[in-house]
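**Q** Here the sequence shown is numbered in the working numbering, starting from 6 and rising by one per residue.
Here it is: the structure, laid out below.
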Amino acid sequence: MNYFTISAPAEASFVEKRSEFIGYIAPVKTNDEAVDFVNSIKAKHRKAKHNVYAYILRQDNISRYSDDGEPQGTAGVPVLDVLQKRGLTDICVVVTRYFGGILLGGGGLVRAYSHAATLACEAAHTMNMCLCHRLTITSNYGMYGKISYLLPNFDTITVNSDFADEVTLEILVLTEKMDALVKELTEVTNGSAKIVDKGELFEDFSSVQK
Numbered sequence: 006m007n008y009f010t011i012s013a014p015a016e017a018s019f020v021e022k023r024s025e026f027i028g029y030i031a032p033v034k035t036n037d038e039a040v041d042f043v044n045s046i047k048a049k050h051r052k053a054k055h056n057v058y059a060y061i062l063r064q065d066n067i068s069r070y071s072d073d074g075e076p077q078g079t080a081g082v083p084v085l086d087v088l089q090k091r092g093l094t095d096i097c098v099v100v101t102r103y104f105g106g107i108l109l110g111g112g113g114l115v116r117a118y119s120h121a122a123t124l125a126c127e128a129a130h131t132m133n134m135c136l137c138h139r140l141t142i143t144s145n146y147g148m149y150g151k152i153s154y155l156l157p158n159f160d161t162i163t164v165n166s167d168f169a170d171e172v173t174l175e176i177l178v179l180t181e182k183m184d185a186l187v188k189e190l191t192e193v194t195n196g197s198a199k200i201v202d203k204g205e206l207f208e209d210f211s212s213v214q215k
């Protein structure tokens, strides 16, 4: 149920035989957002020879690309291929090329656009978006040690901690591990902990050590 995307826009560039390739990447959720991002890069680089793009969306399972004047199959498809091989979605990449006067040939173009897309992906922070539940756990201070010892066993992420008259923890737990966690929490606290499920959602679990 998980998917991979990025947290924020990023960019990277390199020069190949005097042609400059600039890769831009951004998170997008809809076709309109993807088109807007592509148009923003085109507006930024009106003098560029080509603004090649590819994007993949979870919504309606959309994937699109454009060679933007490069020979068919040498630009947009390689960019899309990089995204697919990395398993990225809700993502748009635009590669801007300033032509340097030296032809690269079909194979050279494929390698250059693939490299630009790869550099853009590597410049961004990849998020592992997993289906999870947000739980609040409220207990007395006597049980806090047992609870905090237990949580790492279930790869939870603590979102917030409130130490007032009682301890209240707000955590994220993977959906497939929630029932087992609730059972363990109930057992170690002898049913004294109050556990509230605030709903299911996708959140980034890339920081959780496996």
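Just so you know, even glycine gets a beta-carbon here, dropped at the ideal spot from N, CA and C.
Note that this is a predicted model, so its numbers are computed, not measured.
(1) I think L140 touches I176, with their Cβ atoms under 8 Å apart; what is that distance to the nearest whole Å?
(2) In three-state terms, what does DSSP make of P157?
(3) Is S212 helix, strand or coil by DSSP?
(4) Does the Cβ-Cβ distance between G74 and S24 come in under 8 Å?
(5) Taking DSSP as the reference, what is the three-state secondary structure of F207?
(6) In chain order, what residues of the same chain lie with their CB nearer than 7 Å to the CB of M183, ignoring the 5 residues before and after it?
(7) Would you kindly check if the distance between the Cβ of A80 and the Cβ of V98 is under 8 Å?
(8) DSSP has S71 in a bridge; who is on the other side?
(9) Taking only three categories from DSSP, how would you classify H138?
(10) Among the candidates S71, R51, G150, I11, whose CA atom is the shortest distance from the CA of P32?
(11) What's the C-alpha gap between S18 and I27?
(12) Measuring alpha carbon to alpha carbon, tell me which residue in T35, L109, L179 is nearest I67.
(13) So, I96 versus I46, is the Cβ gap smaller than 8 Å?
(14) Are Y70 and L93 closer than 8 Å when you measure CB to CB?
(15) Secondary structure at M183, three-state DSSP: helix, strand or coil?
**A** The relevant details are as follows:
(1) For the purposes of this step, residue 140 is identified with residue 135 of the sequence shown, where counting begins at 1. For the purposes of this step, residue 176 is identified with residue 171 of the sequence shown, where counting begins at 1. The Cβ separation is near 5 Å, so the contact holds.
(2) Stepping through the sequence shown from its first residue, residue 157 is reached at position 152. Residue state, collapsed to three classes: helix.
(3) As a first step, residue 212 must be located in the sequence shown, where it is residue number 207. S212: coil per DSSP, three-state reduction.
(4) The residue you call residue 74 lines up with position 69 of the sequence shown. The residue you call residue 24 lines up with position 19 of the sequence shown. No, the Cβ-Cβ distance between G74 and S24 is not below 8 Å.
(5) Start at 1 with the first residue of the sequence shown, and residue 207 comes out as number 202. Strand at F207.
(6) One-based indexing of the sequence shown puts residue 183 at position 178. Counting only Cβ-Cβ distances below 7 Å, and skipping sequence neighbours, we find H138.
(7) Mapped onto the sequence shown, residue 98 falls at position 93. Mapped onto the sequence shown, residue 80 falls at position 75. Their beta carbons are not under 8 Å apart, which means V98 does not touch A80 by this criterion.
(8) Reading the sequence shown from its first residue, position 66 is the one you call residue 71. Looking at the DSSP assignment, S71 forms a beta bridge with Y58.
(9) For the purposes of this step, residue 138 is identified with residue 133 of the sequence shown, where counting begins at 1. Strand at H138.
(10) Indexing the sequence shown from 1 puts residue 32 at position 27. For P32, the nearest C-alpha among the options comes from I11.
(11) Taking the sequence shown and counting its residues from 1, the one referred to as residue 18 is at position 13. Taking the sequence shown and counting its residues from 1, the one referred to as residue 27 is at position 22. Between S18 and I27, the C-alpha separation is close to 4 Å.
(12) For this step, residue 67 is matched to residue 62 along the sequence shown. It is T35.
(13) The residue given as residue 96 occupies position 91 in the sequence shown. The residue given as residue 46 occupies position 41 in the sequence shown. For I96 and I46, no; Cβs fall outside 8 Å.
(14) Position 65 of the sequence shown, counted from the first residue, corresponds to residue 70. Position 88 of the sequence shown, counted from the first residue, corresponds to residue 93. Taking 8 Å as the Cβ cut-off, Y70 and L93 do not qualify as a contacting pair.
(15) Against the sequence shown, residue 183 aligns to sequence position 178. Three-state result, M183: helix.
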